[in-house]
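Here is the structure we will look at, set down as structure tokens.
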Amino acid sequence: MELMDGRKVSKEILLKLKDDVARLHFDHVHPKLAVILVGKDPASLAYVRQKQKACATTGIEWEQFDYDEPVTTEVLIDKINELNTDDKIHGILVQLPLPEQVYSPDVIRAIDPKKDVDGFTAYNLGKMFINTDFEDLAPCTPLGVIRMLEHYKINPKGKEVVVVGHSNIVGKPLAMMLLNRDATVTVCHVHTKDLAFHTKRADILCVAVGKPDLITEDMVKDGAVIVDIGINRLPTRLRRGRSDGRLVGDVDFENVSKKASYITPVPGGVGPMTVACLMENTVTAAKRLNNINP
Ligand code: NAP
């Protein structure tokens, strides 16, 4: 079994991007990411910190706009409209989830697709359906999975790939990106009748659900590639005799890793790849907005 080391691979991506950013400076382009953060959810704060750190590593400029929880949809859209027309801003990221009173689809829709570095707008998602040439600003987590497979020379072409989870930001776009690479893709979700029937057939199994231990040893075939996208914080009290509040994925890593050929750890797998791909998208957006070939 080989561990797919997201920390190591993401560092390589960030170093390459640092060179790209330095080259852009010669053309007087200073890639800049604007981040909108609402409230003080500890997980959101941690994700934003990781993204800010990656910006510092690559030389991408960072501007953060913090709002208190009572903020309205209209206030956020006004800010996005301002950022859309600001030539110094190349990427706009709205940290999700937003509080209940805000209608997230309207907020996402307001982002100029050219600056939509999270790849969540209908325009960028729709383009991604065409083929790999149109995956300009693809959603960062699915893109991170693709970059991880590329790094370990795991070609999805002709493989049985099973994606568990069909959210608009992870499962669905990931399934489409794998289909674009000629995999035979099955998508499972909460209504799938016999999950194990499908997962056992997978050459590559990608899991994005948010349920610890959803995938157990008996549900995977020998030699499968396992991509665990889920991030779950265990309760601080008691889990198999442990009581540490640590982060785990959706896969029973300890036992499934004995059967897998490759597996991503959590933490240190897809998470850092997601952040690296956000940086990649920001640099891509900066190049495209300035008519520089990517
Ligand atoms: P989500 O919107 O809650 O989607 C979860 C998906 O799992 C849904 O399609 C849901 O189906 C399906 N599901 C729920 N229970 C299931 C079950 N028992 N069997 C099979 N499918 C089931 O979550 P998300 O935003 O896609 O995120 C999924 C996980 O990935 C979370 O743990 C999240 O923290 C993590 N994540 C990680 C990264 C990263 O960088 N590593 C990035 C984003 C998300 P229904 O919709 O039909 O209920």
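The opening position of the sequence shown corresponds to residue 425 in my numbering, with each subsequent residue numbered one higher. In this text, a Cβ means the ideal position worked out from N, Cα and C, and glycines have one as well.
- Inter-residue distance for residue 461 and residue 494 is about 12 Å (C-alpha atoms, whole angstroms).
- Taking a C-beta distance under 7 Å as the contact criterion, residue 595 and residue 534 do not qualify as a contact pair.
- In this structure, residue 593 has its beta carbon less than 6 Å from a heavy atom of the ligand NAP.
- For the pair of segments examined, the region 669-678 was found not to touch the region 529-545: the number of CB pairs separated by less than 8 Å stays below three.
- In terms of Cβ geometry, residue 456 and residue 436 do not form a close pair [threshold 7 Å].
- Under the DSSP assignment, residue 451 falls outside any alpha helix (DSSP H); it carries neither an H nor an E label.
- At least one heavy atom of the ligand NAP falls within 6 Å of the beta-carbon of residue 632.
- Distance from the CA of residue 503 to the CA of residue 428, rounded to the nearest whole angstrom, comes to 39 Å.
- With a threshold of 6 Å, the Cβ atom of residue 590 counts as near the ligand NAP, since some heavy atom of the ligand is closer than that.
- Under the DSSP assignment, residue 517 falls in the beta strand (DSSP E) whose first and last residues are 515-518.
- Non-local beta-carbon contacts of residue 705 in its own chain, meaning distances under 6 Å to residues more than five positions away in sequence, involve 541, 561 in chain order.
- Nearest in C-alpha terms to residue 458, of all of 536, 434, 529, 447, is 536.
- Taking 7 Å as the cut-off, the beta carbon of residue 445 is found no closer than this to the beta carbon of residue 481.
- With respect to the 7 Å criterion, residue 434 and residue 691 are not classified as neighbours on the basis of their beta carbons.
- Pairing residue 620 with residue 609 gives a Cβ-Cβ distance that is not under 7 Å.
- With a cutoff of 7 Å on beta-carbon distance, residue 453 and residue 715 are scored as not near each other.
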